[in-house]
Every structure is written in structure tokens, then in C-alpha cells.
Amino acid sequence: MHAGGRAAVTCKYRCGDACFHEPSNPTGNPYFGEVVDQVMSRRGALRAAAVVTFAAGALGAGGLARPAGAAAATAPPDGPAPGTNFQRVEPNTLDAVVVPKGYEQAVVIRWGDPVLPGAPDFDFDNQTAAAQERQFGFNNDFAALLPIDHLGLAALLVTNHEYTTEEFMFRGYDEANPTEEQVRIAWAAHGLSVLLVTRNWNSGAYRPRTSGFNRRITARTPFVVAGPAAGSDLLKTPDDPTGTRVLGTLNNCAGGVTPWGTILSGEENFNQYFANADQVADPEVRARLARYGMSGTETGRKWERFDSRFDLTEQPNEANRFGWIIEVDPRDPRSSPIKHTALGRFKHEGATIRVADDGRVVAYSGDDEAFEYVYKFISSRKMKKGASRSARRHNMTLLDEGTLYVGRFTGDSPGEIDGSGTLPADGEFDGTGEWLPLASGDRSFVPGMTAEEVYVFTREAADRVGGTKMDRPEDIQPHPRTGRVYFALTKNSARGKEGFPAADEANPRTGNKHGQVVELEEERGNALATTFHWRLLLVCGDPNSPDTYFAGFPKDQVSPISSPDNVAFDHHGNLWVSTDSAGALGINDGLYAVPLEGSRRGDLKLFLTVPRGGETCGPVIGDKVVTVCVQHPGEVDGASADNPASNWPDGGDNRPRPSVVAVWKPGRHGLASIG
Numbered sequence: 000m001h002a003g004g005r006a007a008v009t010c011k012y013r014c015g016d017a018c019f020h021e022p023s024n025p026t027g028n029p030y031f032g033e034v035v036d037q038v039m040s041r042r043g044a045l046r047a048a049a050v051v052t053f054a055a056g057a058l059g060a061g062g063l064a065r066p067a068g069a070a071a072a073t074a075p076p077d078g079p080a081p082g083t084n085f086q087r088v089e090p091n092t093l094d095a096v097v098v099p100k101g102y103e104q105a106v107v108i109r110w111g112d113p114v115l116p117g118a119p120d121f122d123f124d125n126q127t128a129a130a131q132e133r134q135f136g137f138n139n140d141f142a143a144l145l146p147i148d149h150l151g152l153a154a155l156l157v158t159n160h161e162y163t164t165e166e167f168m169f170r171g172y173d174e175a176n177p178t179e180e181q182v183r184i185a186w187a188a189h190g191l192s193v194l195l196v197t198r199n200w201n202s203g204a205y206r207p208r209t210s211g212f213n214r215r216i217t218a219r220t221p222f223v224v225a226g227p228a229a230g231s232d233l234l235k236t237p238d239d240p241t242g243t244r245v246l247g248t249l250n251n252c253a254g255g256v257t258p259w260g261t262i263l264s265g266e267e268n269f270n271q272y273f274a275n276a277d278q279v280a281d282p283e284v285r286a287r288l289a290r291y292g293m294s295g296t297e298t299g300r301k302w303e304r305f306d307s308r309f310d311l312t313e314q315p316n317e318a319n320r321f322g323w324i325i326e327v328d329p330r331d332p333r334s335s336p337i338k339h340t341a342l343g344r345f346k347h348e349g350a351t352i353r354v355a356d357d358g359r360v361v362a363y364s365g366d367d368e369a370f371e372y373v374y375k376f377i378s379s380r381k382m383k384k385g386a387s388r389s390a391r392r393h394n395m396t397l398l399d400e401g402t403l404y405v406g407r408f409t410g411d412s413p414g415e416i417d418g419s420g421t422l423p424a425d426g427e428f429d430g431t432g433e434w435l436p437l438a439s440g441d442r443s444f445v446p447g448m449t450a451e452e453v454y455v456f457t458r459e460a461a462d463r464v465g466g467t468k469m470d471r472p473e474d475i476q477p478h479p480r481t482g483r484v485y486f487a488l489t490k491n492s493a494r495g496k497e498g499f500p501a502a503d504e505a506n507p508r509t510g511n512k513h514g515q516v517v518e519l520e521e522e523r524g525n526a527l528a529t530t531f532h533w534r535l536l537l538v539c540g541d542p543n544s545p546d547t548y549f550a551g552f553p554k555d556q557v558s559p560i561s562s563p564d565n566v567a568f569d570h571h572g573n574l575w576v577s578t579d580s581a582g583a584l585g586i587n588d589g590l591y592a593v594p595l596e597g598s599r600r601g602d603l604k605l606f607l608t609v610p611r612g613g614e615t616c617g618p619v620i621g622d623k624v625v626t627v628c629v630q631h632p633g634e635v636d637g638a639s640a641d642n643p644a645s646n647w648p649d650g651g652d653n654r655p656r657p658s659v660v661a662v663w664k665p666g667r668h669g670l671a672s673i674g
């Protein structure tokens, strides 16, 4: 197992062993930990167990406001917060999805299940690319449920498929010599799936249905390039001399649902699919490839043997056509999916939208690699209300015109960190920050770079303006009511090692294996503001260890958590956090709920766990039903399709299959509230 708790085989296929290469950011900009190290002295004597809460939109000159009477109004000290009234699940290593007592669960769809008409039933030992193109893809990550009736009994389920783990897909897989059919199956197993699902009034068990909405998007589906970099010479290739159409999408991770009902998804670890970066002759091109983690000769999957666009010596611009936010209209299966260049190119974890008071939209996104950045985009034009076709067409262009920013985080007092994770005397970690402009339309704010270069080489632009290096920014979500923004920094085991920054307030442990969750509020609650306040909500790990923090809540009452990844909200306003690599604590990954207000703020509760070797992804927190994507079940070191470590979800001697799972609580008259 790799440092941080993830199986080596998962690191190999998911991100190309990114953590085992030197960080691709060589600049001298301050690390998040370095600036947070300035934060802690001027806050007074706030104790760790004190109730800490924000007033929505109300900021004082000294930072985040904390109304004194808020605690008793939202949850009694002796009872659970609304929405968290379930018996917490005990951490475990079972080969099962484990849910609270009194709750039920069912698989919605599995890898290989039919999506399109004519798709054959899944046959593990007789897979074909033609079948996979019509079946549910591999390693589902992000998910969304878009209701299409007022009762919520029918919905469009949209998931993306991040990556393939060929050793678990094919018996006798020869890594050095994959067959062309195996490669084409992998191309078809990437991308996204859209399908109709329905349930009845008394059950949360969604069932896939055949419908005209059902759709598969793969690594070979044509995409339209939109925004200010469309048509740039940096995006032109022999296959696409216009620079406006791209074949496929790769390594989609998290995502979001737009206010106009479309899906955003982030292309993340795309670098691992491109070969022979070290053989590129042009030194500037080679340096820019390296900044995105592309180096070496052959790739692990060997796709370059079957399609020259994955060989950088033949098509060096092809890599520039990945690393974008894509948008898919699930209600129009004939529409072309879009790659939005105005949101910048990097390893997007995902993107989520907040609508400002004046109708403009704001998108947040993180670059999921150690010591990379957090970004914000503000549209130039306003959203049109309503569900008409014209409003939808207009709104789907909003992410093509606006201003792209990178975050700079600043501390407001010196630190007291010695690497042990001891909480500073003032009892919390917080500070201020600003959004630094990078480009707007054809205007660059970065010296020495054109606007096109800023959009295509966004990491370089962020380096130049002095963005703050963060520890693996993952999912970012604005709270639907308060507008506060929450994002996960999943971990950074290089913290404090030789040649890397020492521990500090934001990363208070040497060799940080467990990560943290940041809470951010724009100045005066204004989504268009370019300044903000922030604090750490959670410093994750074993609550019995002194190096953890749960918003000041008593640690003997919370669940252990490691490697926060995706974040979501329920209708009560609680934050839900899913994890990736909880194996650092020797437990399975899970889904947690944590209140953000009142006396129960920080009371982290484990709601479910996924099977051994799996990851909890894409939580959708409904009032009656919760769904999660179970990614890469059974991916533990030493296991493979020939030697499975899991038989979930089908049991017996079946091989593990990534799946979507629904969880609900039965009631007397239908389903009870989830919490």
C-alpha cells in the first residue's frame, strides 16, 4: 500500500503514480501551509471546544462573524442535529456496503449493465468494445440525479467514468502487450453515462429504464471546443486543423449540476494517457508538458500503439485538448458535449456553480495535485431564468465569457506549529485571501503570456501571478443557502519531508496522510467579491490522536475520517463528505455527515462504508434517498481479475464491479426522511 493508504494498483491506473513523481509545480510561490503558518497569534484565547459558527453573509472587520446565540436555535446540545438522526456506522473492513441500522440499500447499476437499447448482458469473460459502448462504464465517480417528475420517482442519472483498471477488467491481462480490443474496451469504458431511473413510492431502489434520454459518452465521442481558446493554434492537430473539435474525454473526476440543468465534469489526470514526452524536440513544449506531469516514454496502458494522437512526438498539441471542464446536456441526447476553455486547463477535480445577486454565475474549481491551486470564474453575462429552450441555449454559453482567477491565501498571525499537530492556543486555523485575475476574454493579466496561453497553460499563469500552492484541492461546493464555499484538501504525505515545506497550521502534521476541509466566505457574502475569509473546518484523522480537529467539537464523540474527497449538502444545510484512501487509518472509505451550525457543529458521523478496496464517490444527498458511487471495489495490492479480493456486488465467485448504490429509510407511509 502506498503512503496515504491507497493501494498501489489504484495509484498506477488512476493518476499514473503522481505522488511518486516530483511535484510538477517548480515555482517558489508560498505553499498553503507556509502562509497559514502566519495565521494563529492575534485571535485571543478561543478554546478548542468553543462553539464556532458563521452568520450567513455577515462579516466583521476581523474576519468571520460568530453570532453568540446561534447554537441553541439550531440543535439542542443533547440531541443530534436535524438531518443527522441516524445511528453512526462503525468503521470496518467488510466486503460490503454498510448502512445505519434501520436503513436499506440496493445497487442501481453496475459496470457492464445495459444503458442503450441492444446492449448485451454483461459477460466478464467475453467483453467487446461494441458491447461496452452501449453498457455502463467503469469506475463511476461523479453522479447526479435530475428529477423529471414532481414526486422525484423518475430521474435522469448521470455519472462519469474516471478511469479503467485493466488488471481488474481482464483475466490474464498482459500490461506490456495489451490487445487492441482491450484498448478499445477501455476507450468505451471511459466517459459518461446518462440513463433514466425510476422507483416506487415505498422504496428507494432506483431501476434503470430504456428511454430516449439514455446515452453513452466515451473517449471517442466528438466534443465541441468553446470559449476564448477555441480555434487557438495551441489546440490544432492534424486530425483537427480548426482547433474546435476534440475526440473524447478522459479521466473525469468530480462535477456539478448547473442551475440550468446541465452537468459539468472535470478532466483530471489526463497526463498519464500521453506517451513520449521526453522525446519531444522543442524545449518549451517539453517544459510545458512537464508542468502538467507528462514525462517519460511509453504509457502504462500503451494506447499510443493504437492511436497516434496519444504519442506526443507525433501530435504534441493533443494533450492541450484535455484538462478542461466539460458540459453535457442530459435532456438532449443529440447535443454535442462542450469543453469550456474560459475555465482554464489543469487537472480539474470538478466545477460547481453559484449564482450572484445580479444574475452572473460563479464557478469554483480545484486542481487536484499536490501544491496546486484553487480557481474561480465569474461570467460576464447574466443567467436567464426559466426552462425554455432559448434560456437553456443562452445559459450554456455563460461559461465562455468572463474572468478567471486563482486564489491567494494569507495568514493574519504567526503560527505555533512543531509538526506534532498540536492545536494552537487560539483554538482554530483561519485567515484571509484574494482572487487574482488571470484572463478575461482576449485580455491577459499575466505578464509575458497571451490570453490563449493563460487558458491553455493555466498552471503557468497561476505560478506567475503568485497563487497559493494548496495540498491537493479536491471537490469544491458553495453552500446552497449561506453561499459559504467548502473544499477538501485530501492529503499530502510529502509534507515535512526533505526538500518539501515543513508542517504548519493548515497542514499541522509531518507527513500529512489524512487531509482537511476548508470553509471559505467571500467578503460580505458577495459571490462577485475578490477577497474572502477562510478557516479549517476539519483536520482529519483518528479522533484519538492529538493531531486532529473537528471545528472544536469534542473529539471523543466523532467518527474517524481520512482523505476527504467529495463534498455535498442536504436540505438541512449539513455538509456531507466522502473519502478516498481511508486505508491510511486501516478502515474502508465512507460517507460522513457533519453539521455546520449550532452546538453540534463539527459532530462528524459516519453514515455508510463501501467494500474493501473501494472508494466512496459522487454522493447525492436527497431528502428521502442517498446515492453513492462505489469506485474500484476490491482494488488492493496483490489482487487482480485472476485473484479477486472482493466479490461485491454480485457475491459468489464473481469479480468486483464498480456500481451506484441507493440508501433509504423505510417509513409507515413511504420513505422516511434520510436523517
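Per numbering that gives the first Met the number 0, the very first residue in the sequence shown carries number 0; after that it's consecutive. Backbone N, C-alpha and C define an ideal beta-carbon position, used for all residues, glycine too. Remember, it's a predicted structure, so these values are computed and weren't measured experimentally.
From the options, residue whose alpha carbon lies closest to that of residue i
i	options	result
Y205	P90, G265, T626	T626
P648	G613, A154, I673	G613
P90	L156, V98, Y454	V98
Q278	E297, T261, G674	E297
A592	A460, T83, K11, P146	T83
A438	G524, G349, Q515, L342	L342
F376	W434, P423, R330	W434
T578	G418, S558, H393	S558
V484	E521, P507, G495	E521
F305	D331, A274, A280	A274
N394	L263, Y404, G101, F309	L263
P618	S334, V576, G585	V576
Residue i in three-state terms, based on DSSP
i	result
L603	coil
L675	The shown model of the chain, from 0 to 674, leaves out residue 675, and the question about it has no answer.
K235	coil
W259	coil
H668	coil
V659	strand
N319	helix
H393	helix
M680	Since the first and last residues shown for the chain are 0 and 674, residue 680 lies out of range.
D441	coil
V635	coil
E518	strand
P507	coil
Buried/exposed call for residue i, threshold 16 Cβ in 10 Å
i	result
Q86	exposed
K346	buried
W200	exposed
G68	Residue placement at G68 is flagged as unreliable, the pLDDT there being 29, under the threshold of 50; the coordinate-derived value follows with that caveat. That one is exposed.
K384	exposed
A640	buried
D564	buried
L678	In the structure as shown, the chain starts at 0 and stops at 674, and residue 678 therefore has no counterpart that could be examined.
S379	exposed
T220	buried
N653	exposed
A60	With a pLDDT of 34 at A60, under the threshold of 50, the modelled position of this residue cannot be trusted; read the value that follows with caution. With fewer than 16 Cβ atoms within 10 Å of its Cβ, A60 is classed as exposed.
Close Cβ partners of residue i (< 7 Å) along its chain, the five nearest in sequence each way excluded
i	result
L249	H189, A218, E266, F269, Y272, F321
R534	L63, E427, F428, D429, E518
H631	T9, N138, T164, G612, G613, E614, P657
V114	R133, Q134, F135, S192, L194, N213, R215
D441	P227, A450
E179	F305
G295	A276, D277
Own chain, CB closer than 6 Å to residue i, minus 5 neighbours either side, in chain order
i	result
K512	G3, K490, S492, A583
I108	F135, P207, V659
A638	A644
A105	A204, A661
Close-in-space but distant-in-sequence residues of the same chain around residue i (CB under 8 Å, 5 per side omitted)
i	result
D357	K381, L527
L152	T197, R198, N199, W200
F486	Y363, G365, V373, P472, E473, D474, I475, Q476, V516, V517, L519, V566
M448	F456, E459, A460, R463
Contact test: residue i Cβ vs the ligand GTP heavy atom, cutoff 7 Å
i	result
D281	This structure lacks the ligand GTP, and indeed carries no ligand of any kind.
Decide if the region 349-361 is in contact with the region 470-480; the criterion is three or more beta carbon pairs, one per stretch, under 8 Å apart. Yes, the region 349-361 is in contact with the region 470-480.
Contact the region 310-328 vs the region 234-250: 3+ CB pairs below 8 Å: Output reads yes: the region 234-250 touches the region 310-328.
Segment contact flag, the region 445-456 with the region 533-553, C-beta cutoff 8 Å, min 3 pairs: Counting C-beta pairs closer than 8 Å gives fewer than three between the region 445-456 and the region 533-553, which falls short of the contact rule.
Cβ pair count under 8 Å reaching 3, the region 253-264 against the region 281-294: Taking 8 Å as the limit for Cβ pairs, the verdict is that the region 281-294 does not touch the region 253-264.
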